[in-house]
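Participant:
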Amino acid sequence: MKNYFLCCIYVILAFKSNAQDSVVYTLQQCIDLALKNNLDMKISEYQSQIADAGLQQSRAAILPYANAYANQGINKGKSINPYTNTFVNQEIMTGQYGVNAGLTLFNGFNIMNTIRQSYFNYEASKMDKEQLKMDLTINVMLAYLQVLSSQEQVNQAASQVEVSKTQIERLNVLEANQAVAPSVLYDTKGQLANDKLTYITARSNLVTAKITLERLININFPVNATFEKIPVEPSLKLYETNAETIYGQASANLPQVRSAELRKLSALKTVQALRGQQFPVLSLVGSVGTNYSDAALAQKLISSTNISTDNYVIVGNNQLSVFAPQYQYSSTKITFRDQFKNNLNTYVGLSLQIPLFNGLKTRTQLNVAKINKNRMEAQQSTINVRLKSNINQAYNDMSVSFERYQVLEQQVKDYTESFKIGTIKFEKGVITTVDYIIAKNNIDRSKMNLIASKYEYILKSKILDYFMGKITL
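Letter 87 of the sequence shown, counting from 1, is numbered 1357 in our numbering, and no numbers are missing.
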């Protein structure tokens, strides 16, 4: 029983330990979750599907059309018998059945230009989706790096607190033995309070960075969530590619540039398609039809007899009566099947429709399409100008952040040595508390700035990678 009880306790403790293990997120996991959960990505996918459906519909316009019809009705009172084309005064059930079809032979290339316009729209929608994917990916990367930067600053702030606590513990012992002035202890406690405030601010910034990442991914991180660090070189190197090369790569690879070009081509095809509506439309048409009437009767001869009529002829002074044959018929209704075959008719012909006037509808649509084409051309030009301007700005920001990183890296080295010396002097009572606090503040501030500068440079470099189409780490 004792061994069983100890075993149960071990299992419970192991389960509790596993439940408290932190959930580790990698950068790739965050990107995958964002692409899966982001609402804008879903909307973009739906828009691409709509554009694809429009393309299929425009392609189907080159196919012939065919329609079947069936009309069934009852006529009461005086009407025309559709079978004999004579007036009758009875209830007649009639029906008309058939198929008509047509094929457009020429319409000013309206259909072909509409197909191309839909194709360019569809390709542009795919480019828009790829651009959104790239934008979302780079935003997740930047947010993830901001989380890592904030986490390092939290760790650095916590380290600063521990250094101050260690000094206070030492000073408490000295103060108890009256080996140090009370002001030295209280100055150091005040510095500890400053370090705690820095730690609180850093921790708040970390929470804000996680919330930003949560919004992009569209999930809520567990309280114990941690994030895997990315490999970073001990000493960063300057970005190798220059701004002109980056712009050349961006203008050739960025989906938003290709999308603007496709939108311009789509607008051009829209203009050409509307111009085609001003031309005559030549079509090949044909139909097959038949009809039915329950008043249709078939007459069958039963017998014939010769009967005397009022007419006569004179033969040799003799008046002779004229006899005429009289026929007797039986009437039977013609079946639906027989009428269907007997009344079958076909038609084949050419149809020419010449547009004359439709209230300036086509002309107005054409003018609007021309304006939209000009707008797309201006938009494409604007995108290229802004792209180059953004790349130049991003490259300058990267260069400045790298220079700042180099300066701060050397500053940390210098302040580290200064703080080591200051700590030794302070513990030996050579320098005052003020001098020690100044030295500590210098190294603490320098390290925090170096962390921020390092991740700032990485962020700026990733933005340049984004412009070049390299958005993975």
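For each residue, glycine too, the CB sits at the ideal point set by N, CA and C.
Using beta-carbon positions only, say whether L1406 and L1486 come within less than 8 Å of one another.
Facilitator: Start at 1 with the first residue of the sequence shown, and residue 1406 comes out as number 136. Start at 1 with the first residue of the sequence shown, and residue 1486 comes out as number 216. In this structure, L1486 lies closer than 8 Å to L1406 by Cβ.
Participant: Rounded to whole angstroms, how far is the Cβ of S1557 from the Cβ of G1365, which I believe are closer than 8 Å?
Facilitator: The sequence position of residue 1557 within the sequence shown is 287, counting from 1. The sequence position of residue 1365 within the sequence shown is 95, counting from 1. Not a contact, Cβ separation roughly 16 Å.
Participant: Alpha carbon to alpha carbon, how far is T1602 from L1567? Give it in angstroms, no decimals.
Facilitator: In the sequence shown, counting from the first residue as 1, residue 1567 sits at position 297. In the sequence shown, counting from the first residue as 1, residue 1602 sits at position 332. Their Cα atoms are separated by approximately 5 Å.
Participant: Quick check: V1541 and K1640, are their CB atoms within less than 8 Å of each other?
Facilitator: Sequence index remark: in the sequence shown, residue 1541 carries index 271 (1-based). Sequence index remark: in the sequence shown, residue 1640 carries index 370 (1-based). Taking 8 Å as the Cβ cut-off, V1541 and K1640 qualify as a contacting pair.
Participant: Closest to T1458 by C-alpha separation, out of I1707, T1478 and T1511, would be which residue?
Facilitator: Numbered from 1 along the sequence shown, position 188 holds the residue referred to as residue 1458. Minimum Cα distance to T1458 is reached at I1707.
Participant: Under 8 Å by Cβ, that's how I've got G1372 and S1553 pegged, so tell me the actual separation to the nearest angstrom.
Facilitator: In the sequence shown, counting from the first residue as 1, residue 1372 sits at position 102. In the sequence shown, counting from the first residue as 1, residue 1553 sits at position 283. About 5 Å; that satisfies the 8 Å criterion.
Participant: Taking buried to mean at least 16 other C-beta atoms within 10 Å of its own C-beta, is K1724 buried or exposed?
Facilitator: The residue given as residue 1724 occupies position 454 in the sequence shown. K1724 should be labelled buried.
Participant: Look at V1583 and V1592 and say whether their C-beta atoms are less than 8 Å apart.
Facilitator: For the purposes of this step, residue 1583 is taken as residue 313 along the sequence shown, with counting starting at 1. For the purposes of this step, residue 1592 is taken as residue 322 along the sequence shown, with counting starting at 1. Yes, these two residues count as a Cβ contact at 8 Å.
Participant: Let me know the secondary structure DSSP gives Y1295 once reduced to three states.
Facilitator: Counting from 1 along the sequence shown, the entry for residue 1295 is found at position 25. Y1295: strand per DSSP, three-state reduction.
Participant: Measure the alpha-carbon distance for G1739 versus V1551 and round it to whole angstroms.
Facilitator: Walking along the sequence shown from the start, residue 1739 turns up at place 469. Walking along the sequence shown from the start, residue 1551 turns up at place 281. Going from the Cα of G1739 to the Cα of V1551 covers about 47 Å.
Participant: Hey, could you find the ends of the alpha helix (DSSP H) S1610 is sitting in?
Facilitator: Position 340 of the sequence shown, counting from 1, holds the residue named residue 1610. In the sequence as presented, Ser is not what sits at residue 1610; that position holds Phe. Start and end: F1606 to N1612.
Participant: Please report the distance separating the alpha-carbon of E1445 from that of Q1437.
Facilitator: Taking the first residue of the sequence shown as 1, we reach residue 1445 at position 175. Taking the first residue of the sequence shown as 1, we reach residue 1437 at position 167. Each residue's Cα considered, the two are about 12 Å apart.
Participant: What is the residue span of the alpha helix (DSSP H) that K1466 lies within?
Facilitator: The residue labelled residue 1466 in the question sits at position 196 within the sequence shown. Counting along the chain, the alpha helix (DSSP H) containing K1466 begins and ends at P1452 to I1487.
Participant: Taking T1261 as the reference, give the member of I1733, Q1299, Y1685 and N1512 with the closest Cα.
Facilitator: Residue coverage of the chain in this structure runs from 1271 to 1743, which leaves residue 1261 outside it and unanswerable.
Participant: Tell me which same chain residues have a C-beta within less than 6 Å of the C-beta of E1400, skipping the five on either side of it?
Facilitator: Translated into the one-based positions of the sequence shown, residue 1400 becomes position 130. Correct list, in chain order: P1525.
Participant: Determine the direct distance from the alpha carbon of D1564 to that of S1621, and round the result to whole angstroms.
Facilitator: In the sequence shown, counting from the first residue as 1, residue 1621 sits at position 351. In the sequence shown, counting from the first residue as 1, residue 1564 sits at position 294. If you take the alpha carbons of S1621 and D1564, they lie about 35 Å apart.
Participant: From what residue to what residue does the alpha helix (DSSP H) around S1536 run?
Facilitator: Counting from 1 along the sequence shown, the entry for residue 1536 is found at position 266. That run of the alpha helix (DSSP H) goes P1525 to G1546.
Participant: How many Å lie between D1705 and S1453 at the Cα?
Facilitator: As a first step, residue 1705 must be located in the sequence shown, where it is residue number 435. As a first step, residue 1453 must be located in the sequence shown, where it is residue number 183. In a straight line, the C-alpha of D1705 is about 13 Å away from that of S1453.
Participant: Taking Cβ to Cβ, would you say I1728 is nearer than 8 Å to V1410?
Facilitator: Residue 1728 sits at position 458 when you count from the first residue of the sequence shown. Residue 1410 sits at position 140 when you count from the first residue of the sequence shown. No; because the gap between Cβ atoms is not below 8 Å, this pair is not in contact.
Participant: Could you please give the first and the last residue of the uninterrupted alpha helix (DSSP H) stretch that includes L1325?
Facilitator: One-based indexing of the sequence shown puts residue 1325 at position 55. Taken as a continuous stretch (DSSP letters only), the alpha helix (DSSP H) holding L1325 covers L1309 to A1330.
Participant: I need the boundaries of the beta strand (DSSP E) containing I1572, first residue and last residue.
Facilitator: By 1-based counting over the sequence shown, the position of residue 1572 is 302. L1567 to V1585 is the extent of the beta strand (DSSP E) around I1572.
Participant: Using three-state DSSP, classify V1410 as helix, strand or coil.
Facilitator: In the sequence shown, counting from the first residue as 1, residue 1410 sits at position 140. Here V1410 sits in helix by DSSP.
Participant: Inspect the beta-carbon positions of L1476 and S1536 and report whether they are closer than 8 Å.
Facilitator: Within the sequence shown, numbered from 1, the residue matching residue 1476 stands at position 206. Within the sequence shown, numbered from 1, the residue matching residue 1536 stands at position 266. No.
Participant: Would you tell me roughly how many angstroms separate the C-alpha atoms of I1500 and Y1295, rounded to the nearest one?
Facilitator: The residue given as residue 1500 occupies position 230 in the sequence shown. The residue given as residue 1295 occupies position 25 in the sequence shown. Straight-line Cα distance between these residues: approximately 11 Å.
Participant: So what's S1420 in DSSP terms, helix, strand or just coil?
Facilitator: As a working mapping, residue 1420 is identified with position 150 in the sequence shown. Correct three-state label for S1420: helix.
Participant: From the DSSP output, which residues share a beta bridge with I1362?
Facilitator: For the purposes of this step, residue 1362 is taken as the residue at position 92 of the sequence shown. According to DSSP, which records beta bridges pairwise, I1362 is partnered with N1345.
Participant: Classify I1385 as buried or exposed, calling it buried when 16 or more other Cβ atoms lie within 10 Å of its own Cβ.
Facilitator: Taking the first residue of the sequence shown as position 1, residue 1385 is located at position 115. By the neighbour-count rule (16 or more Cβ atoms within 10 Å), I1385 is buried.
Participant: Flag this pair as yes or no: are the beta carbons of T1356 and I1362 separated by less than 8 Å?
Facilitator: Here residue 1356 refers to the residue found at position 86 of the sequence shown. Here residue 1362 refers to the residue found at position 92 of the sequence shown. For T1356 and I1362, no; Cβs fall outside 8 Å.
Participant: Where does L1415 sit, in a helix, a strand or coil, going by DSSP?
Facilitator: Position 145 of the sequence shown holds residue 1415. In the structure shown, L1415 sits in a helix (DSSP, three-state: H, G or I).
Participant: According to DSSP, F1737 sits in a beta bridge with which residue or residues?
Facilitator: Taking the first residue of the sequence shown as 1, we reach residue 1737 at position 467. Note: F1737 sits in no beta bridge, so no partner.
Participant: Where does the unbroken alpha helix (DSSP H) through G1692 begin, and where does it stop?
Facilitator: Residue numbering aside, residue 1692 sits at position 422 when the sequence shown is read from its first letter. Its alpha helix (DSSP H) spans residues K1631 to E1697.
Participant: Who are the near neighbours of N1307 in its chain, counting only those whose CB is closer than 8 Å to its CB and skipping five residues on each side?
Facilitator: In the sequence shown, counting from the first residue as 1, residue 1307 sits at position 37. Excluding sequence neighbours, N1307 sits near I1487, N1488 and I1489.
Participant: Using 8 Å for Cβ pairs, my map puts Y1469 next to V1443. What's the rounded Cβ distance?
Facilitator: If you number the sequence shown from 1, residue 1469 lands on position 199. If you number the sequence shown from 1, residue 1443 lands on position 173. 25 Å between Cβ atoms; not a contact.
Participant: Can you have a look at N1383 and say buried or exposed, based on whether 16 or more other CB atoms are within 10 angstroms of its CB?
Facilitator: As a working mapping, residue 1383 is identified with position 113 in the sequence shown. Buried, since its Cβ has 16 or more Cβ neighbours within 10 Å.
Participant: Helix, strand or coil: which one does DSSP assign to K1499?
Facilitator: As a working mapping, residue 1499 is identified with position 229 in the sequence shown. DSSP places K1499 in coil when its eight states are reduced to three.
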